[in-house]
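J.: I'd like to ask some things about the structure below.
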Amino acid sequence: ASAIARYRANNPKSEGQMLAACDVLPAGNTRSVLFHGPFPLYMARGEGCRLWDADGHAYIDALGEFTAGIYGHSEPRIQAAIVGALQGGLNLSSHTEREAKLAREIQRRFPSLELLRFTNSGTEANLMALAAATAHTGRRKVLVFDGAYHGGVLAFGGGGSPVNVPHDWVVARYNDLQDVKARVAQHGSELAAILVEPMLGAGGCIPAEPAFLQRLRALADECGALLVLDEVMTSRLSFGGRQGQLGIRPDLTTLGKYFGGGLSFGCFGGREDVMERFDPRRPGALGHAGTFNNNVLTMAAGLAGLTEVLSAEALEALNTRGQRLRTSLNAVFAAHRVGLQFTGLGSVMQLQPLAGPLRSADDLKAADDRIKALLFFELVERGIFLARRGLVALSLPFGDAEAAAFVSALDGAVAKCRDLL
Ligand code: PLP
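Anchor point for the sequence shown: position 95 equals 91 in my numbering, and the numbering is continuous, going up by one each time.
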């Protein structure tokens, strides 16, 4: 309670902006993930991996726009590409050469995307991938996992959500091969797709065991379903994403987040025989529209990011920094003998208010959200901005100095409220 009281006293302008926004937006909110009590911070400006809020506090941005902000704020080469594109006309009512260039850069990283298409978000990419899978197989059911998040209308925390699109879902337990096998035995001949994140992202940064993903590949083949890997979040874990690291070739992949250079973006693609169904020259081609699928700013920003900023070496170094930071943060918990941990892979991690190995959404049932809240408010007060739910995603400008500041802030926060943890 005292952490929240101090937060409130320190952030009157954020509170004022939230209250004013309530007139037009439910709870002042237009992205459910950003909402938390008593009110979220309102940001005024960002640069590199720094943020400044409405009340003038400076933060190290350890959230990186939920992994989309890999380049940091205002990366000069991306800014220049956006300005250059803008000067050539914002909406050109047609194709531009940039689209195929961006597609080729993505394919160079993800060779399993033999053909691909762009969307405006990761959510749309997943919707289109499932549309492709159901059309290709002529089947209706889709196997997904408890705790998975593939977009606001494709969310399976607690088994599902009332706003989910009405596919015929079969929900299995993550990292539980026996459970998947039982469901495939029952529904296999009706399954269009197995849709899976290589790491539960919003569901708590719980990585899939490599052997589990390999077996999903084999099970999809055995029952004739398409394996759809949602790499919207995990694509940043290596040059070729998680599929590149593990040597798994999915039938379809969905991407999003940083590939748009920080602008709205999504992409789905994969096997040529599936994706060529979208070829408008073919009789009975599948439609896929979207006014902004190829918007020039996203194409330009995405291309500049991939070709001028995000080398394979820079990406690898970023993930190494993330791995090191996670180890250091967990060492803080160990030193204070509190049963908390950061899970995750590479540059993406999640605060977990409980110890021990975590393999599926079930393992998080005992998690006490009040501990996450406490650490969130204590860290924010110490100048570290992360998601209220505990997600951390590093950006390229987040270096050793920022990591040291984060570790020190966590140490101070844990020391202060140790008795409550
Ligand atoms: N899939 C995964 C794994 C995600 O983490 C997200 C977003 O957080 C999405 C899909 C949805 O992407 P978007 O928010 O761009 O619609």
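C-beta: ideal position from N, C-alpha, C; glycine also.
#1: Measuring alpha carbon to alpha carbon, tell me which of Cys201, Ala168, Gly44 ends up nearest Val138.
#2: How many whole angstroms separate the CB atoms of Leu47 and Tyr55, which I take to be in contact at a CB cut-off of 8 Å?
#3: Tell me whether the beta-carbon of Ala118 lies closer than 8 Å to the beta-carbon of Lys9.
#4: Roughly how far, in whole angstroms, is the beta-carbon of Glu11 from the beta-carbon of Arg2, given that I think they are within contact range, below 8 Å?
#5: Whole-angstrom Cβ separation of Leu354 and Gly200, contact assumed at under 8 Å?
#6: Using beta-carbon positions only, say whether Met229 and Thr63 come within less than 8 Å of one another.
#7: DSSP three-state label for His69, please.
#8: From the DSSP output, in three-state form, read off Glu227 for me.
#9: Looking only at C-alpha atoms, which of Leu371, Leu223, Asn116, Pro107 sits nearest to Ala295?
#10: Going by alpha carbons, who is nearest to Pro393 out of Leu306, Ala181, Ala127?
#11: Go through its chain and collect everything with a Cβ distance to Asp407's Cβ below 6 Å, but skip five positions before and after it.
#12: Considering only C-alpha positions, which residue in the set His163, Arg245, Leu350, Glu309 is nearest to Leu367?
#13: State yes or no: is the C-beta of Asn122 nearer than 7 Å to some heavy atom of ligand 1?
#14: By the 10 Å Cβ neighbour count, where 16 or more other Cβ atoms means buried, how is Leu98 classified, buried or exposed?
#15: Specify, as a first and last residue, the run of the alpha helix (DSSP H) that Gln372 falls within.
#16: What are the complete alpha helix (DSSP H) segments, minimum 4 residues, inside the region 39 to 86?
#17: Could you have a look at Tyr254 and say whether DSSP puts it in helix, strand or coil?
#18: Which residues in the same chain as Gly42 place their Cβ atom closer than 6 Å to its Cβ, once the five residues preceding and following it in sequence are excluded?
#19: Identify every residue that forms a DSSP beta bridge with Tyr3.
#20: Give me, in chain order, the residues of the same chain whose beta-carbon lies closer than 7 Å to that of Phe31; leave out the 5 immediate sequence neighbours on both sides.
#21: Put Pro8 into one of helix, strand or coil per three-state DSSP.
#22: Taking Leu417 as the reference, give the member of His332, Pro36, Arg27, Val29 with the closest Cα.
#23: According to DSSP, what are the bridge partners of Thr449?
#24: Is Ala310 helix, strand or coil by DSSP?
#25: Return helix, strand or coil for Thr339, following the three-state DSSP convention.
#26: Let's see if you can read the secondary structure: which residues bound the alpha helix (DSSP H) around Val403?
#27: Please tell me whether, using a cut-off of 7 Å, the distance from the CB of Ala198 to the nearest non-hydrogen atom of ligand 1 is below it.
T.: Reading it off the structure:
#1: Ala168
#2: 5 Å
#3: The amino acid occupying residue 118 in the given sequence is Gly; Ala does not appear at that position. Not closer than 8 Å, so no.
#4: Contact doesn't hold; Cβ gap of about 13 Å is too wide.
#5: 7 Å
#6: yes
#7: strand
#8: coil
#9: The question names Ala, but residue 295 is Met in the sequence shown. Of the listed residues, the one whose Cα sits closest to Met295 is Asn116.
#10: Leu306
#11: Val328
#12: The sequence given here places Ile at residue 367; Leu does not occur at that position. Nearest of His163, Arg245, Leu350, Glu309 to Ile367, Cα basis: Leu350.
#13: yes
#14: buried
#15: In the sequence as presented, Gln is not what sits at residue 372; that position holds Phe. 365 to 377 is the extent of the alpha helix (DSSP H) around Phe372.
#16: 72 to 83
#17: helix
#18: His69
#19: Paired residue(s): none; Tyr3 is not in a bridge.
#20: Ala23, Asn25
#21: helix
#22: His332
#23: Residue 449 lies beyond the range of the chain shown here (-3 to 417); nothing can be said about it.
#24: helix
#25: strand
#26: 396 to 413
#27: yes
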